[in-house]
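As they're listed, the protein sequences go chains A and B.
Under our numbering, the residue at position 60 of the first sequence is numbered 60, and the numbers go up by one with no gaps.
Under our numbering, the residue at position 159 of the second sequence is numbered 365, and the numbers go up by one with no gaps.
Heads up: the structure comes next, in structure tokens.
Protein chains: 2
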Amino acid sequence: MEKDISTEKKIKEAARKVFHEKGYGQARTRDIADEAGINLALLNYYFRSKEKLFDIIMEESLIEIFSIIIDIVNDESTSLDRKIDIVVNGYIDSLLVNPNLPLFVLSEIQANPEKLMKKVGVPKSMILNSYFYKQMQDQLDLKDIKDFTPLHIFINLVSMTVFPIVGKPLLMALHHPMNEDMYMTFMNERRIFVPMWIKGMLKIDE
Amino acid sequence: MEKDISTEKKIKEAARKVFHEKGYGQARTRDIADEAGINLALLNYYFRSKEKLFDIIMEESLIEIFSIIIDIVNDESTSLDRKIDIVVNGYIDSLLVNPNLPLFVLSEIQANPEKLMKKVGVPKSMILNSYFYKQMQDQLDLKDIKDFTPLHIFINLVSMTVFPIVGKPLLMALHHPMNEDMYMTFMNERRIFVPMWIKGMLKIDE
DNA sequence: GTCTATAGACTGATAGAC
DNA sequence: GTCTATCAGTCTATAGAC
Numbered sequence: 001m002e003k004d005i006s007t008e009k010k011i012k013e014a015a016r017k018v019f020h021e022k023g024y025g026q027a028r029t030r031d032i033a034d035e036a037g038i039n040l041a042l043l044n045y046y047f048r049s050k051e052k053l054f055d056i057i058m059e060e061s062l063i064e065i066f067s068i069i070i071d072i073v074n075d076e077s078t079s080l081d082r083k084i085d086i087v088v089n090g091y092i093d094s095l096l097v098n099p100n101l102p103l104f105v106l107s108e109i110q111a112n113p114e115k116l117m118k119k120v121g122v123p124k125s126m127i128l129n130s131y132f133y134k135q136m137q138d139q140l141d142l143k144d145i146k147d148f149t150p151l152h153i154f155i156n157l158v159s160m161t162v163f164p165i166v167g168k169p170l171l172m173a174l175h176h177p178m179n180e181d182m183y184m185t186f187m188n189e190r191r192i193f194v195p196m197w198i199k200g201m202l203k204i205d206e
Numbered sequence: 207m208e209k210d211i212s213t214e215k216k217i218k219e220a221a222r223k224v225f226h227e228k229g230y231g232q233a234r235t236r237d238i239a240d241e242a243g244i245n246l247a248l249l250n251y252y253f254r255s256k257e258k259l260f261d262i263i264m265e266e267s268l269i270e271i272f273s274i275i276i277d278i279v280n281d282e283s284t285s286l287d288r289k290i291d292i293v294v295n296g297y298i299d300s301l302l303v304n305p306n307l308p309l310f311v312l313s314e315i316q317a318n319p320e321k322l323m324k325k326v327g328v329p330k331s332m333i334l335n336s337y338f339y340k341q342m343q344d345q346l347d348l349k350d351i352k353d354f355t356p357l358h359i360f361i362n363l364v365s366m367t368v369f370p371i372v373g374k375p376l377l378m379a380l381h382h383p384m385n386e387d388m389y390m391t392f393m394n395e396r397r398i399f400v401p402m403w404i405k406g407m408l409k410i411d412e
């Protein structure tokens, strides 16, 4: 196919796909080698072991999932209103292309919490210290809302956006009849509705 | 410990624990045998194979996760307002006791969608045909809300309730400092807030 | 029913030829 | 760098004693 891509890159792309689909435990190094179109021995030649290859993929996946929002969340020149639209749509855009990413990250963190926590070290207190958090707090103060915190709203935003992607198979099984087109329509509707509901919680535009 | 419990029951309980923690792929039959305090051979004596044991645990887990809401959702004598409170609190109660249950179900469904879809056969169109759905639709009609459907609201309710449990490790890593007590406080706050937000979307009490 | 011992298959990793 | 062949370890499952 792409004969210009280096072998190392081919292996990494194959590993990403297989790990994201099956998780560390169920992924086989032979699967990755086959997917990359190379031999098993070559995988160990480039990356010393399955675990070292996994660590690389996991670190890149964590960066991937945070980088979707980290820039916009800390942008001081974007209004709260627009920021909500951008964060929701950023996640939907990204996760419809990589639907396995969030469940992969959540599963592997649970499988190995202490190890993977360290890698999250950089964006520690990423939520609490973000400009987004401050903007939400200002809005809550403005509307004299004292019962809940910006953390609840942030979790609501991520939950309502990411959960329908993680739970897609269950959703499609439970809500019959639902096909791929209907699911896509459903997710595209949420690009409008989730920001609307979040803004409602914050009493924006009232 | 509990010497009255039959060996079969002990193995099933151990299997449930190990499968929920590690998933099918990473769970070892020896882990289950050790957890049950019996020998590995005995596991295969009672259940023919790891996979057959897993199938039993998986089916019970699916029933478990649906039975939390299936009765209340179809109860025609409970008002929409109260029903929302009960569904949210039912999930929080149940999942704080079994925090691994939802991620286990979501992961294994993704790992083997076609196989597990069949087991969801019973509650097919469980959402669409529920009395809960009808009550939400009536409320949307009453308030002349035409842009979104009850399905969106139902997904919002489940998302905002279940996602913070599935994402607990990530939440605790990102929102520093957060300890167990703070997490429990956070989840208990959501017993009040999630119903409040859902009712806001449906314009109940306005 | 419950155990020990082991077979048999799979998997990650390496040796060695090219 | 890339391959084939194979080793060593792990895991599920079973045979057979009690």
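Think of the CB as a built atom: it goes at the ideal place given N, C-alpha and C, for glycine as much as any other residue.
Say whether the segment 235-253 of chain B touches the segment 298-306 of chain B, bearing in mind that this needs 3 or more beta-carbon pairs closer than 8 Å, one atom from each stretch. Here the segment 235-253 of chain B does not lie against the segment 298-306 of chain B, with fewer than 3 beta-carbon pairs under 8 Å apart.
Grouping DSSP H, G and I as helix and E and B as strand, with all else coil, what is arginine 48 of chain A? The residue you call residue 48 of chain A lines up with position 48 of the first sequence. Coil at arginine 48 of chain A, not helix or strand.
Run down chain B in chain order and give the residues with a C-beta less than 8 Å from the C-beta of histidine 175 of chain A. Residue 175 of chain A sits at position 175 when you count from the first residue of the first sequence. Simply Ser331, Ile333, Leu334 and Leu357.
Using Cβ-Cβ distances below 9 Å, what residues of the segment 221-255 of chain B are close to chain A? Glu227, Lys228, Gly229, Tyr230, Gly231, Gln232 and Ala233
For the segment 271-283 of chain B against the segment 219-232 of chain B, are there 3 or more C-beta pairs whose distance is under 8 Å? No: fewer than three Cβ pairs fall under 8 Å.
Does the contact criterion of 3 or more C-beta pairs under 8 Å hold for the segment 3-19 of chain A versus the segment 287-298 of chain B? In short, these stretches do not touch, since the Cβ pair count stays below three.
Could you check how far apart the C-beta atoms of isoleucine 290 of chain B and leucine 363 of chain B are, in whole angstroms? I think they sit under 8 Å. On the second sequence, position 84 is the one that residue 290 of chain B refers to. On the second sequence, position 157 is the one that residue 363 of chain B refers to. Right, the Cβ-Cβ distance comes to about 7 Å (below 8 Å), so this counts as a contact.
Spatial neighbours of valine 372 of chain B within its chain, please: CB distance less than 6 Å, with the 5 preceding and 5 following residues excluded, ordered by chain position. The sequence position of residue 372 of chain B within the second sequence is 166, counting from 1. Here the set comprises Pro308 and Leu309.
Note down, in chain order, every chain B residue with its Cβ under 7 Å from the Cβ of glutamine 110 of chain A. Mapped onto the first sequence, residue 110 of chain A falls at position 110. Leu309 and Pro375, listed in chain order.
7 Å Cβ cut-off: residues of chain A touching valine 372 of chain B: By one-based count along the second sequence, residue 372 of chain B stands at place 166. What valine 372 of chain B touches in chain A: Leu106.
Start and end residues, alpha helix (DSSP H) containing histidine 358 of chain B: Taking the first residue of the second sequence as position 1, residue 358 of chain B is located at position 152. 356-372 is the extent of the alpha helix (DSSP H) around histidine 358 of chain B.
Report yes or no: do the segment 391-405 of chain B and the segment 351-368 of chain B share at least 3 C-beta pairs separated by less than 8 Å? yes
Determine, using beta carbons only, whether methionine 407 of chain B comes closer than 7 Å to chain A. Within the second sequence, numbered from 1, the residue matching residue 407 of chain B stands at position 201. At least one chain A Cβ lies under 7 Å of methionine 407 of chain B.
Residue environment, arginine 82 of chain A, which counts as buried when at least 16 other CB atoms sit within 10 Å: Within the first sequence, residue 82 of chain A is the residue found at index 82, counting from 1. Counting Cβ neighbours within 10 Å, arginine 82 of chain A comes out exposed, since fewer than 16 surround it.
Does methionine 323 of chain B come within less than 7 Å of chain A when only Cβ atoms are used? Walking along the second sequence from the start, residue 323 of chain B turns up at place 117. At least one chain A Cβ lies under 7 Å of methionine 323 of chain B.
Assuming isoleucine 155 of chain A and proline 370 of chain B are in contact, meaning their beta carbons sit under 8 Å apart, how far apart are those beta carbons, in whole angstroms? The sequence position of residue 155 of chain A within the first sequence is 155, counting from 1. The sequence position of residue 370 of chain B within the second sequence is 164, counting from 1. So it is a contact: roughly 5 Å between Cβ atoms.
Put aspartate 141 of chain A into one of helix, strand or coil per three-state DSSP. Position 141 of the first sequence, counted from the start, is the residue given in the question as residue 141 of chain A. In the structure shown, aspartate 141 of chain A sits in a helix (DSSP, three-state: H, G or I).
With a threshold of 7 Å on Cβ separation, who are the neighbours of arginine 222 of chain B within its own chain once the five nearest residues in sequence on each side are excluded? Walking along the second sequence from the start, residue 222 of chain B turns up at place 16. Correct list, in chain order: Ile263.
Threonine 78 of chain A, enclosing alpha helix (DSSP H) - first and last residue: The sequence position of residue 78 of chain A within the first sequence is 78, counting from 1. That residue, threonine 78 of chain A, is in no alpha helix (DSSP H); it is neither H nor E in DSSP.
Return the residue from the list B:Tyr389, B:Leu376 and B:Lys324 that minimises the CA-CA distance to proline 169 of chain A. The residue given as residue 169 of chain A occupies position 169 in the first sequence. Among B:Tyr389, B:Leu376 and B:Lys324, the Cα nearest to that of proline 169 of chain A belongs to B:Lys324.
Alpha-carbon spacing of isoleucine 410 of chain B relative to leucine 286 of chain B, whole angstroms: As a first step, residue 410 of chain B must be located in the second sequence, where it is residue number 204. As a first step, residue 286 of chain B must be located in the second sequence, where it is residue number 80. The alpha-carbon atoms of isoleucine 410 of chain B and leucine 286 of chain B are separated by roughly 9 Å.
Extent of the continuous alpha helix (DSSP H) run through isoleucine 410 of chain B: Taking the second sequence and counting its residues from 1, one reaches residue 410 of chain B at position 204. From DSSP, isoleucine 410 of chain B is part of no alpha helix (DSSP H); its letter is neither H nor E.
Measure from the C-beta of isoleucine 404 of chain B to each C-beta in chain A and report whether the shortest distance is under 7 Å. Sequence index remark: in the second sequence, residue 404 of chain B carries index 198 (1-based). Closer than 7 Å: no.
In or out: serine 313 of chain B buried (at least 16 other Cβ within 10 Å) or exposed? Translated into the one-based positions of the second sequence, residue 313 of chain B becomes position 107. Buried, by the Cβ-count rule.
Reference valine 400 of chain B; option with closest CA among A:Asn74, A:Lys50, A:Val194 and A:His152: On the second sequence, position 194 is the one that residue 400 of chain B refers to. Considering only alpha carbons, the answer is A:His152.
Please report the Cβ distance between methionine 390 of chain B and methionine 384 of chain B, rounded to the nearest whole angstrom; I am assuming they are in contact, meaning their Cβ atoms lie under 8 Å. By one-based count along the second sequence, residue 390 of chain B stands at place 184. By one-based count along the second sequence, residue 384 of chain B stands at place 178. So it is not a contact: roughly 11 Å between Cβ atoms.
Helix or strand or just coil, what does DSSP make of lysine 146 of chain A? The residue given as residue 146 of chain A occupies position 146 in the first sequence. The answer is coil: DSSP assigns lysine 146 of chain A none of H, G, I, E or B.
Taking valine 311 of chain B and leucine 268 of chain B to be in contact with their CB atoms under 8 Å, please state how far apart those CB atoms are, rounded to whole angstroms. As a first step, residue 311 of chain B must be located in the second sequence, where it is residue number 105. As a first step, residue 268 of chain B must be located in the second sequence, where it is residue number 62. The pair is a contact, with the Cβ atoms about 7 Å apart (cut-off 8 Å).
Going by DSSP in three states, arginine 191 of chain A sits in which element: helix, strand or coil? Here the question's residue 191 of chain A lines up with position 191 in the first sequence. Residue state, collapsed to three classes: helix.
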